[in-house]
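Trainee: Here it is, the structure in full.
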Amino acid sequence: MKLGYIFLITAVFLFFAFSEADTDVKNYKNENKFLLGNENLLLNHKDKLKGKRAALITNKSGVMSDGKFFLDELIKSSSVLKIFTPEHGLRGDDRDENFTDENTGLSVISLYGNSKKPQAGDLADTDVMIYDIQDVGARFYTFINTMFYCMEAATELGKEFIVCDRPLMPDGNYTDGYMLDGNQDSFVGMIDIPIAYGMTCGELAQYINAEYFNNECRLFISRMQNYSRETDYGLLNLPWIKPSPNIYFPSSALAYLGTCLFEGTNFSEGRGTDRPFEYVGAPYCDGSILAEEMNSLGLKGVTFEKIDFVPTTITSPSNPPKYVGEQCSGVYIKVTDKKMFEPVKTGIALLVSLNKLFPGFEIKKNKFLDKLAGTDRLRIAVQRGDSIDEIFSGYKDELDNFKSIRSKHLLY
């Protein structure tokens, strides 16, 4: 009896112990379940981590489908020695400096500011670099340039580089905008891709490896499971974590592909409002006139509604709001069909319309618009009074050529 009782107690203990330890894995084992790249890495590619000393490149957007911070989960199964962070810091607080993370005790090295690329000394005690950041599919979003520099460092130092793939917010087939002219290279435009490049971060990493590093980066893409180019980001039911301080919603990220161009003008891109990049305006603008003009263009998947707003201050020091405390009039860019909507063309059409309708509109003399557009051709065309169709046709051939190259690197 005693032996039987002991056996029973032991069996029950082992059942619950193993059940609890394996809970997270079971949550992801459904073959039809969508998996982020970070989840796929922990579940199906543990061999890539076993015995490796890792450096993680991430920020607060690096979460799993259940909202858990990937950093916290990775630490449980791997030897993470340090963290690299892009613009806006680890936890979205604009802490762009080197420090020790209070939560994990790990060294955090900022890759924004004076030092944008990991140094050899930073990586001397590591074997593998792991990238897990949600971007928005825009060339001028600096996170992808951080990935480029990290891949370059990994290639030079012979380190393995793992990209945990994440879904696109815009339509997966959408590409648009000028390619990058060589003389416009900057941290808002380093990679020769259009403004909207239509690749996941994993696909972009493959493109970078082939086009820039002769495939010499020891690259591994931890792919998403049960994902396709047709997948609607909104239907994945992922926890929404702002990838950067002014991308309030997925819809903000979508409009951003076009309205970020206003950073190079005296027209507000909506910072300091409830919907940055979706509300745009200025004190000199008449929103009724602008809405009527924009709606007359018949742009696909979008309507324009008059909006009045007064920008307020924000905590993020980068790109402070224009016209704080002043009454602005403009339009709300209301997307009606995400698959049809073309944000880059919408942004360009707004530039053309503003230049035509409002004498107070100006493109900044520092020519930052050229950096964002990747070329001076957009600024010149707008100031010259070219039509929207003339501008669009002016970059069609280079965009078509990019699409041909891009197709070789698609994973989904």
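Residue numbering for the sequence shown follows this note's numbering, beginning at 1 and increasing consecutively.
Positions of the beta carbon are idealized from the N, C-alpha and C atoms, including for glycine.
(1) Taking Cβ to Cβ, would you say VAL148 is nearer than 8 Å to LEU372?
(2) Does DSSP classify ILE162 as helix, strand or coil?
(3) Please return the same chain residues whose Cβ sits closer than 7 Å to the Cβ of ILE208, not counting the five positions on each side in sequence.
(4) Checking 8 Å against the spacing of the C-beta atoms, do LEU204 and ILE162 come in under that value?
(5) Just to confirm my understanding: we take TYR395, look at its own chain, exclude 5 residues before and 5 after, and list those with CB closer than 6 Å. What are they?
(6) Going by DSSP, what residue range makes up the alpha helix (DSSP H) through ARG275?
(7) Since PHE482 and TYR279 are thought to touch, with beta carbons under 8 Å apart, how far apart are those beta carbons, to the nearest angstrom?
(8) Inspect the beta-carbon positions of LYS60 and ILE241 and report whether they are closer than 8 Å.
(9) Check this for me: beta carbons of PHE213 and LEU354, under 8 Å apart or not?
(10) Rounded to the nearest angstrom, what separates ASN40 and SER251 at their Cα positions?
(11) Pairing CB atoms from the stretch 318–326 with CB atoms from the stretch 259–278, are three or more of them under 8 Å?
(12) Leaving out five residues on either side along the sequence, give the residues of the same chain with a beta carbon under 6 Å from the beta carbon of LEU180.
(13) Under the rule that 16 or more other beta-carbon atoms within 10 Å means buried, what is GLN383, buried or exposed?
(14) Work out the CA separation of ARG379 and ASN183 for me, nearest whole Å.
(15) Can you tell me which of SER65, LYS338, VAL108 and GLY67 puts its alpha carbon nearest to the alpha carbon of VAL80?
(16) Would you check if the distance between the CB atom of ASN226 and the CB atom of LEU410 is smaller than 8 Å?
(17) Does TYR112 come within less than 8 Å of chain C when only Cβ atoms are used?
(18) How many Å lie between THR104 and CYS164 at the Cα?
(19) With distance defined between alpha-carbon atoms, name the residue in PRO317, LYS334, ILE333 and PRO311 nearest to GLY325.
(20) In the DSSP output, which residue or residues are listed as bridge partners for PHE99?
(21) Looking at C-alpha atoms only, which residue of GLY385, ASP132 and ASP232 is the closest neighbour of GLU73?
(22) Where do the N-terminal and C-terminal ends of the beta strand (DSSP E) with ALA124 fall, by residue?
(23) Is PRO86 buried or exposed, if buried means 16 or more other CB atoms sit within 10 Å of its CB?
(24) At what residue ranges does the stretch 136–186 contain a whole run of the alpha helix (DSSP H), taking only runs of 4 or more?
(25) My output table needs one value for ILE388: the three-state DSSP class, helix, strand or coil.
(26) Using the Cα positions of GLU263 and LYS46, report the straight-line distance between them to the nearest angstrom.
(27) Assuming TYR279 is part of the beta strand (DSSP E), what are its boundary residues?
(28) How many Å lie between ASP397 and THR142 at the Cα?
(29) Report the CB separation of TYR233 from PRO167 in whole angstroms; it is logged as a contact under 8 Å.
(30) Given this structure, state the Cα-to-Cα distance separating ILE314 from LEU254, to the nearest angstrom.
(31) What does the alpha-carbon distance come out to for the pair ASN114 and MET129?
(32) Quick one: using the 10 Å Cβ neighbour count with 16 as the cut-off for buried, is GLY158 buried or exposed?
(33) For a test of the three-state rule: what should DSSP assign to LEU219, helix, strand or coil?
(34) Compute the distance between the beta-carbons of GLY301 and THR336, then report whether it is under 8 Å.
(35) Please determine, among PHE249, MET224, TYR248 and THR175, the residue with the shortest C-alpha to C-alpha distance to PHE392.
(36) Can you check whether the CB of MET64 is closer than 8 Å to the CB of ASN32?
Mentor: To lay it out plainly:
(1) Locating residue 148 in the sequence shown gives position 148, where the first residue counts as 1. Locating residue 372 in the sequence shown gives position 372, where the first residue counts as 1. Val is not the amino acid found at residue 148; the sequence shown has Phe there. Not closer than 8 Å, so no.
(2) For the purposes of this step, residue 162 is taken as residue 162 along the sequence shown, with counting starting at 1. Note: ILE162 maps to strand in three-state DSSP.
(3) Within the sequence shown, residue 208 is the residue found at index 208, counting from 1. Within the same chain, and ignoring the five residues on either side of ILE208 in sequence, the residues whose Cβ sits closer than 7 Å to its Cβ are PHE148, MET151 and ILE191.
(4) As a first step, residue 204 must be located in the sequence shown, where it is residue number 204. As a first step, residue 162 must be located in the sequence shown, where it is residue number 162. Annotated as distal: LEU204 and ILE162, with beta-carbon spacing of 8 Å or more.
(5) As a first step, residue 395 is located in the sequence shown; it is residue number 395 there, counting from the start. Result list for TYR395: TYR178, in chain order.
(6) Within the sequence shown, residue 275 is the residue found at index 275, counting from 1. For ARG275, there is no enclosing alpha helix (DSSP H), as DSSP marks it with neither H nor E.
(7) With the chain covering 1 to 412 only, the question about residue 482 has no answer from this structure.
(8) By 1-based counting over the sequence shown, the position of residue 60 is 60. By 1-based counting over the sequence shown, the position of residue 241 is 241. Contact: yes.
(9) Here residue 213 corresponds to residue number 213 of the sequence shown, with the count starting at 1. Here residue 354 corresponds to residue number 354 of the sequence shown, with the count starting at 1. One thing to note: PHE213 has its Cβ no nearer than 8 Å to the Cβ of LEU354.
(10) Residue 40 sits at position 40 when you count from the first residue of the sequence shown. Residue 251 sits at position 251 when you count from the first residue of the sequence shown. ASN40 and SER251 have their C-alpha atoms roughly 27 Å apart.
(11) Yes, the stretch 318–326 touches the stretch 259–278.
(12) By one-based count along the sequence shown, residue 180 stands at place 180. Excluding residues within five positions, the ones whose Cβ falls inside 6 Å are GLY189, ASP192 and GLY374.
(13) One-based indexing of the sequence shown puts residue 383 at position 383. Under this definition GLN383 is an exposed residue.
(14) On the sequence shown, position 183 is the one that residue 183 refers to. On the sequence shown, position 379 is the one that residue 379 refers to. Between ASN183 and ARG379, the C-alpha separation is close to 15 Å.
(15) For this step, residue 80 is matched to residue 80 along the sequence shown. Out of SER65, LYS338, VAL108 and GLY67, the CA that lies nearest to the CA of VAL80 is found in VAL108.
(16) Sequence index remark: in the sequence shown, residue 226 carries index 226 (1-based). Sequence index remark: in the sequence shown, residue 410 carries index 410 (1-based). Not in contact: ASN226 and LEU410 (Cβ atoms no closer than 8 Å).
(17) Although the question refers to chain C, the structure presented lacks it and comprises just one protein chain.
(18) Taking the sequence shown and counting its residues from 1, the one referred to as residue 104 is at position 104. Taking the sequence shown and counting its residues from 1, the one referred to as residue 164 is at position 164. THR104 and CYS164: Cα-Cα distance of roughly 21 Å.
(19) The residue given as residue 325 occupies position 325 in the sequence shown. Cα-wise, what sits closest to GLY325 is PRO311.
(20) For the purposes of this step, residue 99 is taken as residue 99 along the sequence shown, with counting starting at 1. According to DSSP, which records beta bridges pairwise, PHE99 is partnered with VAL108.
(21) The residue you call residue 73 lines up with position 73 of the sequence shown. That would be ASP132, whose Cα lies nearest to the Cα of GLU73.
(22) On the sequence shown, residue 124 is found 124 positions in, with the first residue counted as 1. Taken as a continuous stretch (DSSP letters only), ALA124 belongs to no beta strand (DSSP E), as it is neither H nor E.
(23) Mapped onto the sequence shown, residue 86 falls at position 86. Residue burial annotation: PRO86 is buried, with at least 16 other C-beta atoms found within 10 angstroms of its C-beta.
(24) If only uninterrupted alpha helix (DSSP H) runs of at least 4 residues are considered, those enclosed by the stretch 136–186 are 143–157.
(25) Along the sequence shown, read from residue 1 onward, the residue named residue 388 stands at position 388. In the three-state reduction of the DSSP assignment, ILE388 falls in the helix class, which pools H, G and I.
(26) As a working note, residue 263 is residue 263 in the sequence shown. As a working note, residue 46 is residue 46 in the sequence shown. Their Cα atoms are separated by approximately 43 Å.
(27) Translated into the one-based positions of the sequence shown, residue 279 becomes position 279. Per DSSP, the unbroken beta strand (DSSP E) holding TYR279 starts and ends at 279–282.
(28) By one-based count along the sequence shown, residue 397 stands at place 397. By one-based count along the sequence shown, residue 142 stands at place 142. Their Cα atoms are separated by approximately 26 Å.
(29) In the sequence shown, the residue the question calls residue 233 occupies position 233. In the sequence shown, the residue the question calls residue 167 occupies position 167. Right, the Cβ-Cβ distance comes to about 5 Å (below 8 Å), so this counts as a contact.
(30) Start at 1 with the first residue of the sequence shown, and residue 314 comes out as number 314. Start at 1 with the first residue of the sequence shown, and residue 254 comes out as number 254. Cα-Cα distance, rounded: 21 Å.
(31) Translated into the one-based positions of the sequence shown, residue 114 becomes position 114. Translated into the one-based positions of the sequence shown, residue 129 becomes position 129. In this structure, the straight-line span from the alpha carbon of ASN114 to that of MET129 is close to 21 Å.
(32) Position 158 of the sequence shown, counted from the start, is the residue given in the question as residue 158. GLY158 is exposed by the Cβ-count criterion.
(33) By one-based count along the sequence shown, residue 219 stands at place 219. LEU219 carries a strand assignment under DSSP once its states are collapsed to helix, strand and coil.
(34) Numbered from its first residue, the sequence shown carries residue 301 at position 301. Numbered from its first residue, the sequence shown carries residue 336 at position 336. The beta carbons of GLY301 and THR336 sit closer together than 8 Å.
(35) Taking the sequence shown and counting its residues from 1, one reaches residue 392 at position 392. Of the residues PHE249, MET224, TYR248 and THR175, the one whose Cα lies closest to the Cα of PHE392 is THR175.
(36) Counting from one through the sequence shown, the residue named residue 32 turns up at place 32. Counting from one through the sequence shown, the residue named residue 64 turns up at place 64. MET64 is positioned such that its CB atom lies no closer than 8 Å to that of ASN32.
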